Ligand code: SAM
Ligand code: SF4
């Protein structure tokens with residue numbers, strides 16, 4: 123169901139454009155690692171930690187699986203189709219394994235955690251299965267494989283945050299970077315596999331986060347995105363008990379690193395996002411005016427059986443607070459699930475009317491996919507026929523397309539501060555970057571370069587992109 127321009131995170135990040143991590147400089151004589159990431163930004167961030175751990179053991183990364191001694195797929199289990207894509211990808215490595223039987227193939231991430239040793243039985247070419255909290259153990263597991271055995275570590279930790287590991291920034295544009303601020307999730311939304319695949323929620327040492335942001339700034343990066351499944355429940359206390367840092371405090375500390383370092387964050391949970399966070403966003407110009415606020419449904423009964431712990435009114439109240447404190451301009455995006463168990467037509471229409479109320483800038487929309495072992499799979503019947511799910515999803519996507527267009531049209535005639543991320547995908551004569559609200563802006567290159575902030579007068583748009591002209595100074 124991806125006929126429109128609105129793509130799921132998997133499309134953008136893992137499937138259509140598999141992001142290969144490459145670091146071939148100084149790689150001669152070293153063993154080679156090829157790593158491919160699927161799913162959410164968290165996985166891309168984790169792959170950078172994995173590359174760092176393996177670099178310590180003498181591995182350089184390569185963009186070609188054919189050159190690799192070690193091939194790793196960092197996987198997603200959020201929906202059935204995410205897992206099918208990984209299985210299809212694994213089947214393409216069969217001939218590689220035949221040609222080069224010494225190549226080790228490992229599956230990392232959420233699918234590894236969900237299926238554990240079963241994955242070794244189901245996918246014969248896999249040598250190694252490693253869950254998200256066991257990456258420090260990769261070198262030992264690799265040694266085990268080298269002795270001719272298969273290796274598995276899917277132990278979930280209550281403490282692991284990889285805080286001390288400096289991620290190797292790979293396949294980077296040199297301008298924007300992700301920083302993981304926490305791991306796991308304690309929320310238990312009934313449809314979701316994440317609490318089972320990524321374990322209990324834990325927050326990373328605040329000082330190590332600020333240090334990472336400072337280092338990135340000094341290396342020339344100009345934007346960081348603070349990542350967690352539920353950033354608003356970030357909570358860290360220093361060992362001596364004197365410092366208690368919540369998400370609003372952390373946001374402030376990162377914003378203070380430098381006024382030219384933009385700060386974004388994802389994901390905000392509607393039950394937890396506080397006015398304190400909104401006022402911190404307002405206080406610092408470099409904290410971007412954009413909030414990803416997944417709703418999942420616009421109907422209170424469905425939200426209740428999803429165990430989202432808020433209802434429609436609560437969600438609308440949070441949106442009102444965003445508009446009151448940060449204004450109409452603040453970008454808001456959603457995640458929605460179509461056809462959750464027992465959802466009626468009327469309840470589906472509540473999702474559409476919620477969308478009308480909020481007028482989201484952007485959305486990630488999915489048909490419900492039952493995940494084995496989740497509370498929903500245990501308690502409810504997945505009773506909405508596939509064609510009904512698809513039709514409802516189409517209606518949600520069509521409405522989002524309309525709203526994205528309307529919101530983008532509001533940007534026309536205004537000057538936007540754009541951080542340039544690189545050359546436009548469609549034309550080498552144009553640059554592309556993002557404005558404060560996370561919208562992609564394309565404009566003629568002139569003398570501007572990657573990493574610069576440019577004021578751009580927006581003159582036109584599509585539902586996905588703003589088009590404009592840089593405002594050139596007189597001299
Ligand atoms: N922590 C984030 C939150 O609470 O919004 C979401 C993380 S999840 C990786 C990303 C999105 O996948 C969810 O917001 C939800 O819309 C979707 N999702 C999760 N489980 C799903 C399922 N079983 N079927 C369809 N979509 C699902
Ligand atoms: Fe999944 Fe809910 Fe946690 Fe998000 S908050 S990761 S949807 S359980």
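Numbering (the numbering used here), first residue to last: 123 to 597.
A virtual CB, placed ideally from N, CA and C, is assigned to each residue, including glycine.
Computed from a prediction, not measured in an experiment: that's the story for all the values here.
Status (buried if at least 16 other CB within 10 Å, exposed otherwise) for residue i
| i | result |
| --- | --- |
| residue 354 | buried |
| residue 143 | For residue 143, the predicted structure reports a pLDDT of 45, less than 50, and the residue's modelled location is therefore unreliable. A value from the coordinates is still provided. Answer is buried; the Cβ neighbour count reaches 16. |
| residue 340 | exposed |
| residue 554 | buried |
| residue 498 | buried |
| residue 527 | exposed |
| residue 181 | buried |
| residue 187 | buried |
| residue 477 | buried |
| residue 392 | buried |
| residue 428 | buried |
| residue 583 | buried |
| residue 356 | buried |
| residue 416 | buried |
| residue 342 | exposed |
| residue 241 | buried |
| residue 550 | exposed |
| residue 360 | exposed |
| residue 501 | exposed |
| residue 217 | exposed |
| residue 590 | buried |
| residue 227 | buried |
| residue 337 | exposed |
| residue 592 | buried |
| residue 521 | buried |
From the options, residue whose alpha carbon lies closest to that of residue i
| i | options | result |
| --- | --- | --- |
| residue 159 | 292, 259 and 340 | 292 |
| residue 523 | 513, 486, 468 and 539 | 486 |
| residue 319 | 452, 500, 539 and 496 | 496 |
| residue 544 | 256, 297, 223 and 267 | 297 |
| residue 398 | 371, 211, 288 and 558 | 371 |
| residue 184 | 203, 152, 202 and 161 | 152 |
| residue 332 | 321, 346 and 324 | 346 |
| residue 164 | 307, 311, 186 and 206 | 307 |
| residue 277 | 257, 290, 302 and 269 | 257 |
| residue 578 | 193, 563 and 491 | 563 |
| residue 387 | 365, 351, 407 and 378 | 351 |
| residue 375 | 570, 295 and 335 | 335 |
| residue 213 | 223, 245 and 193 | 245 |
| residue 192 | 377, 172 and 202 | 172 |
| residue 439 | 403, 224 and 395 | 395 |
| residue 272 | 254, 309 and 224 | 224 |
| residue 479 | 437, 219, 265 and 385 | 437 |
| residue 605 | 299, 402, 361 and 449 | Residue numbering for the chain in the displayed model covers 123 to 597; residue 605 lies beyond these limits and cannot be assessed. |
| residue 491 | 508, 174, 369 and 380 | 508 |
| residue 418 | 312, 344, 302 and 287 | 312 |
| residue 207 | 189, 229, 220 and 219 | 229 |
Cβ-heavy atom distance, residue i to the ligand SAM, below 7 angstroms
| i | result |
| --- | --- |
| residue 283 | no |
| residue 457 | yes |
| residue 353 | no |
| residue 160 | no |
| residue 484 | no |
| residue 488 | yes |
| residue 493 | yes |
| residue 416 | yes |
| residue 514 | no |
Proximity test, residue i beta-carbon vs the ligand FAD heavy atom, cut-off 7 angstroms
| i | result |
| --- | --- |
| residue 163 | With respect to the ligand FAD, the structure offers nothing, as its ligand set consists of the ligand SAM and the ligand SF4. |
Residue i: CB within 7 angstroms of a non-hydrogen atom of the ligand SF4
| i | result |
| --- | --- |
| residue 391 | yes |
| residue 317 | yes |
| residue 307 | yes |
| residue 176 | no |
| residue 198 | no |
| residue 304 | no |
| residue 310 | yes |
CB contact below 8 angstroms: residue i versus chain C
| i | result |
| --- | --- |
| residue 572 | Absence of chain C from the displayed structure is noted, only one protein chain being present. |
* To do: Check whether the stretch 243–250 touches the stretch 161–176, taking contact to mean three or more Cβ pairs, one atom from each stretch, closer than 8 angstroms.
  => no
* Asked: In chain order, which alpha helix (DSSP H) runs of at least 4 residues are fully inside the stretch 171–199?
  -> none
* Asked: Mind pulling the beta strand (DSSP E) runs of 3 or more residues that sit fully within the stretch 476–552?
  -> 484–489 and 537–545
* To do: Pair every Cβ in the stretch 412–427 with every Cβ in the stretch 468–485, then say whether three or more of these pairs are closer than 8 angstroms.
  => Touching, yes, given that three or more Cβ pairs across the two stretches are closer than 8 angstroms.
* Contact between the stretch 430–445 and the stretch 529–541 (3+ Cβ pairs under 8 angstroms) -> The count of Cβ pairs closer than 8 angstroms, one atom from the stretch 430–445 and one from the stretch 529–541, stays below three, leaving the stretches out of contact.
* Answer yes if the stretch 279–290 comes into contact with the stretch 192–207, meaning at least three C-beta pairs across the two stretches below 8 angstroms, and no otherwise. => no
* Asked: Which parts of the stretch 300–374 are runs of the alpha helix (DSSP H), unbroken and 4 residues or longer, counting only runs that do not cross its ends?
  -> 316–320 and 328–340, all fully within the stretch 300–374.
* Stretch-stretch touch, CB-based, cutoff 8 angstroms, three pairs: the stretch 315–329 with the stretch 511–522 -> no
* Uninterrupted beta strand (DSSP E) stretches inside the stretch 544–595 (no shorter than 3 residues) -> Secondary structure in the stretch 544–595: the beta strand (DSSP E) runs of 3 residues or longer, each lying completely within the stretch, are 552–556, 562–566, 575–583 and 587–592 in chain order.
* Where are the beta strand (DSSP E) runs, 3 residues long or more, that stay fully inside the stretch 204–284, in chain order? -> Runs of the beta strand (DSSP E) spanning 3 or more residues and lying entirely within the stretch 204–284 occur at 226–230, 250–252 and 273–275, in chain order.
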